[in-house]
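Its first residue numbered 249, the sequence shown is counted upward by one per residue in the numbering used here. Built from N, CA and C at the ideal position, the CB exists for glycine as well. Here the structure comes first, spelled out in structure tokens, and everything after it is commentary.
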Amino acid sequence: MKKIFLCITLILLIGCENKTTINQDSEIVEVILEEKDPYFNDGNYDIKKYDEASIAPLDLSHMSLEDKVAQLFILDFSEIDNKNETEYSRKIEAFLDLYPIGGFIYFSDNIISKSQLSTFNEQLQGYARTHKLWPFFISVDEEGGLVSRLGKKGLVTYLPNATTLSRTYTSEEIFEMGKTLGSELKSLGFNMDFAPVLDTNINANNPIIGTRAFSSDPKTVAEYAIAFGKGLYASGIIPFGKHYPGHGNTQGDSHLTPVTSTLDEQGFYTGEGLPFVEAVKQRLPGIMVGHILTPNLSDNSLPASLSDEVVEGILRQDLHYDELIITDALEMKAISSQYSSGEAAVLALQAGCDLLLMPEDFEEAYDYVLKSVYDGTLSEIRINQSLERIYRYKRLLK
Numbered sequence: 249m250k251k252i253f254l255c256i257t258l259i260l261l262i263g264c265e266n267k268t269t270i271n272q273d274s275e276i277v278e279v280i281l282e283e284k285d286p287y288f289n290d291g292n293y294d295i296k297k298y299d300e301a302s303i304a305p306l307d308l309s310h311m312s313l314e315d316k317v318a319q320l321f322i323l324d325f326s327e328i329d330n331k332n333e334t335e336y337s338r339k340i341e342a343f344l345d346l347y348p349i350g351g352f353i354y355f356s357d358n359i360i361s362k363s364q365l366s367t368f369n370e371q372l373q374g375y376a377r378t379h380k381l382w383p384f385f386i387s388v389d390e391e392g393g394l395v396s397r398l399g400k401k402g403l404v405t406y407l408p409n410a411t412t413l414s415r416t417y418t419s420e421e422i423f424e425m426g427k428t429l430g431s432e433l434k435s436l437g438f439n440m441d442f443a444p445v446l447d448t449n450i451n452a453n454n455p456i457i458g459t460r461a462f463s464s465d466p467k468t469v470a471e472y473a474i475a476f477g478k479g480l481y482a483s484g485i486i487p488f489g490k491h492y493p494g495h496g497n498t499q500g501d502s503h504l505t506p507v508t509s510t511l512d513e514q515g516f517y518t519g520e521g522l523p524f525v526e527a528v529k530q531r532l533p534g535i536m537v538g539h540i541l542t543p544n545l546s547d548n549s550l551p552a553s554l555s556d557e558v559v560e561g562i563l564r565q566d567l568h569y570d571e572l573i574i575t576d577a578l579e580m581k582a583i584s585s586q587y588s589s590g591e592a593a594v595l596a597l598q599a600g601c602d603l604l605l606m607p608e609d610f611e612e613a614y615d616y617v618l619k620s621v622y623d624g625t626l627s628e629i630r631i632n633q634s635l636e637r638i639y640r641y642k643r644l645l646k
């Protein structure tokens, strides 16, 4: 451990009626940092204080357009060789030689033991170091309850479902649970968790959310889910709140079919959208956008993940959210039954998403993004904006 005294400028952004007031205060803050985790302040999410002005602007001049586009994708191993892949291989290395992607997502079939995961993940990051790439995002869905890739195998603490957690424990205790889970995930080489669920369970006929939600009350969801996310982040795991703008009042499963939400603007700010608004206010590092049709929130007929009105308009501009935004898996039928992999990838980037998760056909999506930049449909400036946000978090990874 080492002590570092930082002189920082705290900038508080207070949004009011779509206006932003900037109040500035300067103070000296003593921050104790571990050398291996230079910006995670010993578990205290709320005072992650460092002088962003001292960080040199990101220089992307050395990156080819091909490498820039590859960085936008997080894939499962089926795109490389075998969805059941459990160890580093020459095929993975050859794939990365061609496509230095942004990261990987693990599923149960990729998970055997702690030693297997630690070795696999270290070899992946070793490739990045050897080839002077940014570290990979190495992700998993570890919510607890029904969605637990590692906990069900006894490799990390197996948490009850979110509804049980909120009924049994305080939000302070849930923060500590998130912190413990984060430490366990990090010890295995993970740095990203697609949790917490920020959806509100307000439709009893919803087949996909149910007890994955912390409550049927949006304020309770906000309190407990954000506490869990803060706990993960306190241990160095990047949390992604999902499924923006809310999957709780749909009647279908977007894994299988297009789904529609009746959510309108009032409901977004005071009802089931409230947990997302609060997550943005508290700068949760990541938001996952669902493939949900929202006719009362936008004038277009696109699902939220592909809609510039819902992502860029509401999340980026109205709420001033400048952290990471990822799509839900683009192979899900709500997307893949309606759009080609290329179309979906470009629409998601145009909408304001930074990371593209699991397109049905990665090579088609990758090639189509490149083509769209070359023909002017998508600007390289837009790609660079996402890379700046990606790098903001990747530079923290060791």
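Simplified DSSP state of residue i, which is helix, strand or coil
i      : result
Met425 : helix
Asp602 : coil
Ile386 : strand
Lys490 : strand
Val404 : coil
Leu644 : coil
Tyr354 : strand
Leu323 : strand
Gly500 : coil
Gly374 : helix
Asp441 : strand
Glu341 : helix
Glu391 : strand
Ser483 : coil
Ser309 : coil
Ser363 : helix
Ser414 : helix
Ser431 : helix
Ser647 : The requested residue 647 is not part of the displayed model; the chain covers only 249 to 646.
Ser419 : helix
Ser588 : coil
Beta-carbon proximity check, residue i vs residue j, cutoff 8 angstroms
i      : j      : result
Phe423 : Gly484 : no
Ser509 : Thr542 : yes
Gly496 : Ile535 : no
Leu413 : Tyr472 : yes
Thr405 : Leu429 : yes
Glu560 : Gly600 : yes
Asp512 : Leu554 : no
Val537 : Thr498 : no
Gly426 : Phe384 : no
Gly477 : Pro487 : yes
Ile353 : Leu605 : yes
Ala527 : Ile474 : yes
Val208 : Glu391 : Residue coverage of the chain in this structure runs from 249 to 646, which leaves residue 208 outside it and unanswerable.
Ile322 : Leu563 : no
Leu642 : Trp382 : Reading off the sequence, residue 642 comes out as Lys, not Leu. Yes, Cβ-Cβ distance for Lys642 and Trp382 is below 8 angstroms.
Phe325 : Glu335 : no
Pro466 : Glu520 : yes
Leu403 : Ile359 : yes
Pro607 : Leu644 : no
Buried versus exposed, by CB contacts within 10 Å (16 or more), residue i
i      : result
Lys339 : exposed
Glu275 : Because the pLDDT at Glu275 is just 29, under 50, the model does not fix this residue reliably, and the value given afterwards should be weighed accordingly. Per the 10 Å Cβ criterion, exposed.
Glu420 : exposed
Ala552 : buried
His539 : buried
Gln514 : exposed
Asn449 : buried
Ala582 : buried
Leu504 : exposed
His310 : exposed
Pro455 : exposed
Leu346 : exposed
Phe516 : buried
His491 : buried
Asp547 : exposed
Ile328 : buried
Ser396 : buried
Nearest-angstrom beta carbon gap, residue j and residue i [assumed within contact, 8 angstroms]
i      : j      : result
Val617 : Val388 : At roughly 25 angstroms, the Cβ-Cβ gap does not stay under 8 angstroms, so Val617 and Val388 are not in contact.
Val594 : Leu313 : The Cβ separation is near 14 angstroms, so there is no contact.
Asn369 : Ile386 : 5 angstroms
Asp615 : Gly590 : 7 angstroms
Ile638 : Gln319 : 6 angstroms
Beta carbon proximity, residue i to chain D, threshold 8 angstroms
i      : result
Ala410 : Absent from the structure is chain D; it holds one protein chain and no more.
Next item on the list: Within the segment 509-585, note down every full beta strand (DSSP E) run reaching 3 residues or more, in order along the chain.
Entry: You should have 534-537, 572-575.
Next item on the list: Entirely within the segment 619-643 and at least 3 residues each: give me those beta strand (DSSP E) ranges in chain order.
Entry: Those beta strand (DSSP E) runs which fall completely within the segment 619-643 and span 3+ residues do not exist here.
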